[in-house]
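Engineer:
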């Protein structure tokens, strides 16, 4: 009996782990970031972490990745992991005392005292008995656990044998049946480093992915990816990740960990895809230097090359890099490769031209900018933006006749859906510069009619609509009416890239939710968890979208107030300039309006050109070519 | 309970379909702003609009394809434009009155050809214009569908822009003819159905007035004779050109 007890004590000492009770105050992830930004060193941060209990400071792997992105050192991050503050991370064993014992007291029973009284002897024996009982109880519990483990191992063995069937189900498209099988297997808690666990996680991710339940697939997919690039399904999982990122915007900070994996042994196509993905990932997190590092590794001829050049060019324009020459070169590279690609990449082609035009505009080479603006095809949505920017370019280079021609273009029905409030103010200014006061007033009147007169309705909407979700619903259920949000402002929101992106994600999440609801019985508890997760994400995205709508509409409100002030200023200028011109005319009775050749534009007409007067019709081929032949009426020019 | 369930199902389907419609609407609107290729009409703010308008046309034609007579049909038509490209026209043309006393009498819109004059000279008093020759058209009425796929403008001597459209027409009608009998001993006034097809060009003078130049072919079964007794042998396709003016209401 004594020997049995001693063996058990040794066994317990080797297996039981104890926790330390500490006096703690609460600290969270944001405070850690704040402290790091304040310049506290690693020792101070570690001390703060230690002073917080594991319950109070509990981070997910994604949050850990975020801390890394925020600049916390590896030492601090390792400490977070080793101190058990990160879920799923292995906690370094802590030893309560040098004997390594647990909540069972394994100290030898006190030896009998020579002058021990009868009472002391009884107490000592009772204590020894109690201790022995406790040890026996623990031993029985361990035996039970061991028996349970044997049963579980047996079940696991049987379940592992079925993995091949589940794989066939996935391949034949019976996704939900496969997902159910994989979930059953994973509920047996297989060893996370085992091949079976890996196969099950991948199978689960793939079955959910194929079923369109992308959010549900994201968690197992992340685990598969993090298991290592040498694993058999890494490449396929990575391809799925690309789709998830594109469709539901899945790009948690923890994905930065992927850069620690070795992909040098993969084929060139994969390496290009990987480099493009990571480059775009860092670009999205505003880390231009890392984005450029990865994007520059994408090879010419690969499918992602045009995109990589374009994104790299944008990254090079970032203030921290400010490499305009490099950016221009990359935009050109993007255009050339987009033209060469098998199915001409119109998206990149147009974005490339627009980026070149904008960069040259910023540089101040307006003619070069105009050359690229005019490359945008008339039927592209981006043409409206390009044409509008052309108007500004002509305005800035004092080419009034062409600027007026572009204003006319933008007033055509082809651009009627776009929100360009400054168009009329700009037009009015050009007329003012040409001393065409009446036309200048007409342009301002048009601005007021089209934009300002509807402003009270916008203000009413902004006052009456409180909840972000209500803004989103307003956009989704929009019907033009005389009382609600004017269509022009509704259009301005639709033209916002942020809104478009959120709409795409909401659409995907809705379809995912429908797919989940249709299969909820097959997925059991896991399905419910994923469904709750998707519903939560959907709600959050709608809230985010609603906030964006609210911000855009508030921005329009402020913007129009500004333009209204500018319009008033121009009105004042018109009055004073009109008086000044009249005085000059009176003082100079011989003055006559300028004839051909006056004005700011030297109008060159090629031999094969023919003049077609505008009669009210807008023909698609003519719209980009309008020119004004107005001459200045200013006395002093 | 059953009714409540049914109501719930109906409400749910109505909600689902309205949500789907709203989504479709947003998608459609977003497509304006986020695509590399918008579907744009070639023309906006068309200057000469006809959709939903009626037109009245007065026209004078020239039909010279027949061997024994040539005509100047005078006609009136009414047209309704369903769209800028499609319309229905009902029109009628008058060419002459039935014959009497072996001659066509005084006719303003029907004229004898040189062949008729030659035969008359050869046969002298035995010549009877109603029995010796073939069908003589008196009037015709028809309804045609007009499709105008082409609309354009041209520069007239590089000084004036002129708008026009080109159209195709297809329809059916009826023609009344003065027809000799098979043995050429008597004649009678008969109706014959006909298929009408052709094309035309319209020049827009003002927003309400259009000048039209049309060509029409009328396919109808002609008079039966000893040499042509079968349906296909009797088929004739006279052609007519007309110049008209339309006023749009």
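Chains as they are written, first to last, in the working numbering: chain A, 20 to 656; chain B, 16 to 264. Glycine is no exception: its CB is placed at the ideal position from the N, C-alpha and C atoms.
#1: Starting from residue 57(B), find everything on chain A with Cβ-Cβ shorter than 9 Å and list it in chain order.
#2: How would you list, in chain order, the residues of chain B whose beta-carbon sits under 7 Å from the beta-carbon of residue 369(A)?
#3: Pair every Cβ in the stretch 261-268 of chain A with every Cβ in the stretch 228-243 of chain A, then say whether three or more of these pairs are closer than 8 Å.
#4: By how many angstroms is the C-alpha of residue 58(B) removed from the C-alpha of residue 298(B)?
#5: Just the chain B side, please: which residues come within less than 9 Å of residue 495(A) by C-beta, in chain order?
#6: When you compare the CB positions of residue 227(B) and residue 213(B), do they come within less than 8 Å of one another, or not?
#7: I need the straight-line Cα distance from residue 575(A) to residue 482(A), nearest angstrom please.
#8: Mind listing the chain A neighbours of residue 255(B)? Cutoff is C-beta to C-beta under 7 Å, in chain order.
#9: Measuring only the C-alpha atoms, how far is residue 161(B) from residue 215(B)?
#10: Rounded to whole angstroms, what's the CA-CA distance from residue 209(B) to residue 179(B)? Just pull it up for me.
#11: Can you check the stretch 148-178 of chain B for any alpha helix (DSSP H) of at least 4 residues that lies completely inside it and give the ranges in chain order?
#12: Short check: CB of residue 37(B) to CB of residue 493(A), under 8 Å?
#13: Candidates 248(A), 202(A) and 68(A): which alpha carbon is nearest residue 101(A)'s?
#14: Alpha carbon to alpha carbon, how far is residue 154(A) from residue 177(A)?
#15: According to DSSP, simplified to helix, strand and coil, what is residue 508(A)?
#16: With a threshold of 8 Å between beta-carbons, can residue 44(B) be considered close to chain A, or not?
#17: How is residue 135(A) classed by DSSP in three states: helix, strand or coil?
#18: Which residues in chain B have a C-beta closer than 7 Å to the C-beta of residue 635(A)? List them in chain order.
#19: Helix, strand or coil for residue 640(A), going by three-state DSSP, please let me know.
#20: What's the call for residue 356(A), buried or exposed, on a 16-neighbour Cβ count within 10 Å?
#21: So, are the CB atoms of residue 45(B) and residue 522(A) less than 8 Å apart?
#22: Under 7 Å between beta-carbons, which chain B residues line up against residue 398(A)? List them in chain order, please.
#23: Distance cutoff 8 Å, beta carbons only. Does residue 431(A) sit that close to anything in chain B?
#24: Would you list the residues sitting across from residue 380(A) in a DSSP beta bridge?
#25: So which residues on chain A does residue 263(B) lean against when the C-beta distance must stay under 8 Å?
#26: Can you tell me whether DSSP reads residue 92(B) as helix, strand or coil?
#27: Would you mind stating whether residue 334(A) and residue 311(A) have Cβ atoms separated by less than 8 Å?
#28: Could you tell me which chain A residues have their CB closer than 8 Å to the CB of residue 176(B), listed as they occur along the chain?
#29: Considering only the alpha carbon of each residue, which of 469(A), 171(A) and 645(A) lies closest to residue 425(A)?
#30: Exposed or buried, residue 229(B), counting other C-beta atoms within 10 Å across all chains shown (16 or more means buried)?
#31: With C-beta atoms as the reference, is residue 132(B) less than 8 Å away from residue 193(B)?
#32: Residues of chain B with a CB under 7 Å from the CB of residue 436(A): which are they?
#33: Helix, strand or coil for residue 371(A) per DSSP?
#34: Would you call the CB atoms of residue 331(A) and residue 321(A) closer than 8 Å?
#35: Any beta-carbon of chain B closer than 8 Å to the one on residue 508(A)?
#36: Considering residue 65(B), what are the terminal residues of the beta strand (DSSP E) in which it resides?
Structural biologist: On the basis of the coordinates in this document:
#1: Near residue 57(B) (Cβ distances below 9 Å), the residues of chain A are 638, 639 and 640.
#2: Those within 7 Å of residue 369(A) in chain B are 51.
#3: They touch, by the three-pair rule.
#4: Nothing about residue 298(B) can be read from this structure; chain B reaches only from 16 to 264.
#5: Within 9 Å Cβ-Cβ: 34, 37, 38, 40 and 41.
#6: No, Cβ-Cβ distance for residue 227(B) and residue 213(B) is not below 8 Å.
#7: C-alpha separation (whole angstroms): 14 Å.
#8: Against residue 255(B), chain A offers no close residue; the least beta-carbon distance is about 33 Å (beta-carbon pairs closer than 7 Å).
#9: Between residue 161(B) and residue 215(B), the C-alpha separation is close to 9 Å.
#10: Approximately 29 Å between the Cα atoms of the pair.
#11: Taken in chain order, the complete alpha helix (DSSP H) segments of 4 or more residues contained in the stretch 148-178 of chain B number zero; there are none.
#12: Not in contact: residue 37(B) and residue 493(A) (Cβ atoms no closer than 8 Å).
#13: The option with the nearest alpha carbon to residue 101(A) is 68(A).
#14: Computed Cα separation, rounded: 35 Å.
#15: The answer is helix: DSSP assigns residue 508(A) an H, G or I state.
#16: Yes - at least one Cβ of chain A is within 8 Å of the one on residue 44(B).
#17: DSSP places residue 135(A) in coil when its eight states are reduced to three.
#18: Contact note: residue 635(A) reaches chain B through 60 and 62, using a C-beta cutoff of 7 Å and chain order.
#19: Residue state, collapsed to three classes: coil.
#20: Per the 10 Å Cβ criterion, buried.
#21: In this structure, residue 522(A) lies closer than 8 Å to residue 45(B) by Cβ.
#22: The answer, in chain order, is 52, 53 and 55.
#23: At least one CB atom of chain B sits nearer than 8 Å to the CB of residue 431(A).
#24: In the DSSP assignment, residue 380(A) is bridged to no other residue.
#25: Contact annotation for residue 263(B) against chain A: no contact, minimum CB-CB distance about 17 Å [criterion: below 8 Å].
#26: Residue 92(B): strand per DSSP, three-state reduction.
#27: The Cβ atoms of residue 334(A) and residue 311(A) sit closer than 8 Å to each other.
#28: Here the neighbours are 631, 632 and 634.
#29: From the listed residues 469(A), 171(A) and 645(A), the smallest Cα separation to residue 425(A) is found for 645(A).
#30: When all chains shown are included, residue 229(B) counts as buried.
#31: Going by C-beta atoms, residue 132(B) is not nearer than 8 Å to residue 193(B).
#32: By Cβ distance, chain B contributes 47.
#33: It is helical.
#34: Here residue 331(A) is not near residue 321(A), since their CB atoms are 8 Å or more apart.
#35: No, residue 508(A) lies away from the interface with chain B (no Cβ there is under 8 Å from its Cβ).
#36: For residue 65(B), no beta strand (DSSP E) run applies, since DSSP gives it neither H nor E.
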